[in-house]
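*Asks:* Under my numbering, the sequence shown is numbered contiguously, ending at residue 465.
For every residue, glycine included, the Cβ atom is placed at its ideal position computed from N, Cα and C.
Sharing a structure, written as structure tokens. Questions coming.
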Amino acid sequence: MKFNTQEQQLRQLLEQIDTPKVDNLHEKVHQRLTQKSPFSKGLKMTLATCLCLFLALPVAASTPTFQKLVYLISSEMIDALQPINLVSEDNDIRLEVLGALNDEEQVVIYLTLQDLNGDILDETLDIYNYTLDGVSILNIQTIDYNKETKTATLRLQGNGGKHLNGKSIRFGIQSFLTNKKFYDNMDVPLDWNELLSTTPEIITLGEHDSSGGSGLITVNDTAIQVLKPNQMDIKIPGLDFVTITNVGYVNNRLHIQTRWLEDNIDDHGYFYFTDSSNRRVNNKSWSISYGVNENNETEYGRIMTEYIFEISPEELSTFNLHGDFVSNDTYTEGNWNVKFKLDSTTEMFTQKTDIKQGSTTVAEVKISPLGITLNIVGELIPEDWQVSLILKDGARKTLSSRTSMTIQDETTLKFSDPTLLKLENIEAIQINDTIIPLPE
26 MKFNTQEQQL RQLLEQIDTP KVDNLHEKVH QRLTQKSPFS KGLKMTLATC
76 LCLFLALPVA ASTPTFQKLV YLISSEMIDA LQPINLVSED NDIRLEVLGA
126 LNDEEQVVIY LTLQDLNGDI LDETLDIYNY TLDGVSILNI QTIDYNKETK
176 TATLRLQGNG GKHLNGKSIR FGIQSFLTNK KFYDNMDVPL DWNELLSTTP
226 EIITLGEHDS SGGSGLITVN DTAIQVLKPN QMDIKIPGLD FVTITNVGYV
276 NNRLHIQTRW LEDNIDDHGY FYFTDSSNRR VNNKSWSISY GVNENNETEY
326 GRIMTEYIFE ISPEELSTFN LHGDFVSNDT YTEGNWNVKF KLDSTTEMFT
376 QKTDIKQGST TVAEVKISPL GITLNIVGEL IPEDWQVSLI LKDGARKTLS
426 SRTSMTIQDE TTLKFSDPTL LKLENIEAIQ INDTIIPLPE
């Protein structure tokens with residue numbers, strides 16, 4: 026890999042740092058993401074409208090903020106990063122984009138947010154509205170929060186791009202949430218005999234009423250049937266931001282309908298069943314979100330969420346219903362954005378294929394240090410398909426994290442890993458029983 030003068034200076038600075046080895050990075054990041062923080066309820070809105078200072082200035086690569094990144098990610102990731110070092114400030118919140126790496130379709134960016142006043146950010150930071158040019162699927166996670174400096178370090182991953190090498194892109198944050206409150210393993214006592222004693226009224230959502238879904242249900246599905254909204258008013262003990270508004274069976278599946286507060290920004294949660302030993306029951310479940318107007322007619326929105334379970338009426342008496350929920354306390358809006366050019370930081374191997382199973386065809390396979398990309402024609406491959414790497418030392422590595430994007434009948438499916446893949450150590454890619462050797 027060739028380095029320009031700035032990159033060479035950066036590498037020299039990093040080599041002077043006594044860096045401890047960080048093991049189990051993925052597990053530690055997961056632990057940080059699942060930490061709980063007890064804060065009081067009551068939505069407060071912070072509008073970044075006054076005293077706005079916007080900067081997009083280069084920052085020295087030797088700043089303490091950038092050096093701290095060395096303690097959070099692997100040395101291989103540091104070596105692959107393209108230094109960005111751009112800053113944007115708005116209303117005493119400072120965004121700094123530290124570095125990025127990319128292949129032709131995916132980009133990973135490391136950045137920090139620092140609270141210069143020290144009264145807004147905390148470890149529950151959740152970036153709510155954000156944009157990145159050139160990609161269609163975005164995910165951002167907080168991987169570290171420093172209470173002393175009020176600084177959060179984040180990892181942004183963008184998928185679904187094309188020809189990203191050499192492209193100028195703009196990254197922006199428009200709002201974020203903090204002071205979250207977590208309610209885990211909440212008991213939801215329901216009298217199933219009473220609730221299911223009558224046949225519920227069922228309606229069909231309008232074509233554009235759903236704002237999202239999970240499981241097999243998506244916003245592109247047609248003729249989605251749900252319970253008629255707001256036919257019940259069942260409070261969940263200990264929660265004041267969500268209400269159960271209907272319960273019943275639709276097409277032999279249990280539906281539990283909920284309504285969130287009108288002014289909620291991103292309060293959310295889900296239900297699950299446990300057995301007599303308090304172990305979670307592994308039954309299939311889905312959800313669908315939509316809105317309702319003042320006439321109780323469905324419309325586009327997310328104030329209603331309907332949770333759907335594959336569970337029989339007979340099984341309900343043997344299980345207990347529980348839920349995990351999250352409420353948000355502080356919503357902050359502002360304007361933080363930077364523009365930079367992506368250099369080619371990783372190599373990519375491409376192989377045309379003709380792997381068929383049923384109505385699914387894998388037409389092309391690509392691999393880069395960021396993961397494996399499958400270009401698929403026809404139906405999306407099932408969840409039980411195995412995509413793994415055969416290493417030259419005989420070991421195997423399965424990639425389980427996947428994202429997908431579908432345009433008409435063509436799907437791009439990306440399998441990624443928390444660490445960078447070393448292509449020189451990979452012998453072949455295996456998709457189910459098909460082995461695709463990598464060139465020497």
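How big is the Cα-Cα spacing for TRP311 and LEU446?
*Replies:* The alpha-carbon atoms of TRP311 and LEU446 are separated by roughly 33 Å.
*Asks:* Which same chain residues end up closer than 8 Å to ASN276 when comparing Cβ atoms and leaving out the 5 residues on each side of it in sequence?
*Replies:* Correct list, in chain order: GLN250.
*Asks:* Is the beta carbon of ASN204 closer than 9 Å to that of THR355?
*Replies:* Yes, the Cβ-Cβ distance between THR355 and ASN204 is below 9 Å.
*Asks:* Along the beta strand (DSSP E) that carries ASP169, what are the first and last residues, could you check?
*Replies:* Counting along the chain, the beta strand (DSSP E) containing ASP169 begins and ends at 162-171.
*Asks:* In whole angstroms, what is the alpha-carbon distance linking GLU160 and ALA125?
*Replies:* In the sequence under discussion, the amino acid at residue 160 is Val, which differs from the Glu named in the question. Cα-Cα distance, rounded: 14 Å.
*Asks:* At which residues does the beta strand (DSSP E) containing ASP104 begin and terminate?
*Replies:* First-last for ASP104: 100-105, but that is the alpha helix (DSSP H), not the beta strand (DSSP E).
*Asks:* For LEU146, which of LYS175, ASN127 and GLU130 has the nearest alpha-carbon?
*Replies:* Comparing Cα positions, the closest option is LYS175.
*Asks:* Along the chain, where does the alpha helix (DSSP H) containing GLU232 start, and where does it finish?
*Replies:* From DSSP, GLU232 is part of no alpha helix (DSSP H); its letter is neither H nor E.
*Asks:* For the region 114-132 and the region 362-381, state whether three or more C-beta atom pairs, one from each stretch, are separated by less than 8 Å.
*Replies:* Counting Cβ pairs under 8 Å, three or more are found: they touch.
*Asks:* Does the Cβ-Cβ distance between VAL25 and ILE281 come in under 9 Å?
*Replies:* As displayed, the chain neither begins before 26 nor continues past 465, which places residue 25 out of reach and without an answer.
*Asks:* Using the three-state DSSP reduction, which class does LEU111 fall into: helix, strand or coil?
*Replies:* Note: LEU111 maps to strand in three-state DSSP.
*Asks:* Just how far apart, CA to CA, sit THR343 and LEU221?
*Replies:* Computed Cα separation, rounded: 16 Å.
*Asks:* If I follow the unbroken alpha helix (DSSP H) through GLU340, where does it start and stop?
*Replies:* Here the alpha helix (DSSP H) through GLU340 covers 338-341.
*Asks:* Is TYR274 closer than 9 Å to PRO214 when the C-beta atoms are compared?
*Replies:* Not a contact, by the Cβ cut-off of 9 Å.
*Asks:* How long is the line joining the alpha carbons of ILE194 and LYS439, rounded to whole angstroms?
*Replies:* Between ILE194 and LYS439, the C-alpha separation is close to 21 Å.
*Asks:* Residues in its own chain within less than 6 Å of GLN376 by CB, not counting five upstream and five downstream?
*Replies:* If we look at GLN376 and ignore the five residues flanking it on each side, its Cβ neighbours are VAL390 and ILE461.
*Asks:* May I ask which residues mark the beginning and end of the beta strand (DSSP E) holding ASN218?
*Replies:* Here ASN218 belongs to no beta strand (DSSP E); instead the alpha helix (DSSP H) covers 217-220.
*Asks:* In angstroms, rounded to a whole number, what distance separates the CA positions of TRP217 and ARG284?
*Replies:* Roughly 19 Å between the two C-alpha positions.
*Asks:* Which first and last residues belong to the beta strand (DSSP E) in which TRP410 is found?
*Replies:* Element bounds for TRP410: n/a, residue is neither H nor E.
*Asks:* Count the C-beta pairs between the region 441-457 and the region 412-425 that are closer than 8 Å, then say yes if the count reaches three, no if not.
*Replies:* Yes, the region 441-457 touches the region 412-425.
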